[in-house]
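Heads up, the thing below is written out as C-alpha cells.
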Amino acid sequence: MFRFLFLLFILVPIVEIALLIQVSEVIGGFATIALVIVTAIVGAKLVKQQGMGAIQNVQLQMAQGQMPAKELFTGLCVIIAGVLLMTPGIMTDFFGFLLLTPAIRNKLAAGLASQATVRMSSQANQSSAHFQYHSKTTTHEEPNHQPTTIDGEFERKD
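When you line the sequence shown up against the UniProt record's numbering, it's residues 1 to 158, in that order.
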C-alpha cells in the first residue's frame, strides 16, 4: 500500500506537469491557467449540486427504512470527484468529471459490487466449512445435525 501511495504522489504530479506544459504550448500559458481555474469553478458547482442531491437521497432512503448503499457510494464518488477537481491539473479534472457522470458511477458501482459479492461469498463458504468441520468433530450425538436458525425480534427495556 505504501508503494502504491508513493507512486501515486510521485507519478500524478509529473504527469500533470507534463500535460500542463503540452497544453500551454498549444493554447498558451494564460489560457491554460484560465482553463484550470474554470474547471475548478465548474467542478465545484457540480460537486455541490450532486452532493446535495446525494444527501437528500440518503435521507429519503433512511426515512423509508431502506439501506442507502447506492446513494452512499454516489456521495463517496462525489467527494472524491471534488478533491480531484480542486487539484490543479488536467488529468485529475478529467477523472473528477468522470466520477460526476452517473453512467460511469453506475458501472463502477456494479463492478465493485460484483467483486465484493464474490469475495464475501468465498469467505462465507470458507468460514461455514470451518464451522461444519468444527461442529462435526465436537458433537458426537448427531453427526448429520443441521444448525437451526431462529428468526425473531427483541425490544430493549431499560
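The C-beta atom is built at its ideal place from N, Cα and C for all residues, glycine as well.
Note that the structure is predicted; figures quoted are calculated from it, not measured.
*By the 10 Å Cβ neighbour count, where 16 or more other Cβ atoms means buried, how is R156 classified, buried or exposed?*
exposed
*Could you spell out the range, first to last residue, of the alpha helix (DSSP H) harbouring I79?*
A69 to M86
*At what residues does the alpha helix (DSSP H) containing M1 begin and finish?*
Careful: M1 lies outside any alpha helix (DSSP H) and carries neither H nor E.
*If you draw a straight line from the alpha carbon of G152 to that of L72, how long is it in whole angstroms?*
29 Å
*Presumed contact (8 Å Cβ cut-off) between G43 and F97, rounded CB distance*: 7 Å
*Assigned secondary structure, T149 (DSSP; H/G/I helix, E/B strand, else coil)*: coil
*Along the alpha helix (DSSP H) that carries V93, what are the first and last residues, could you check?*
The question names Val, but residue 93 is Asp in the sequence shown. Counting along the chain, the alpha helix (DSSP H) containing D93 begins and ends at M91 to L99.
*Run through DSSP, which three-state label would K157 get?*
Judged by DSSP in its simplified three-state form, K157 adopts coil rather than helix or strand.
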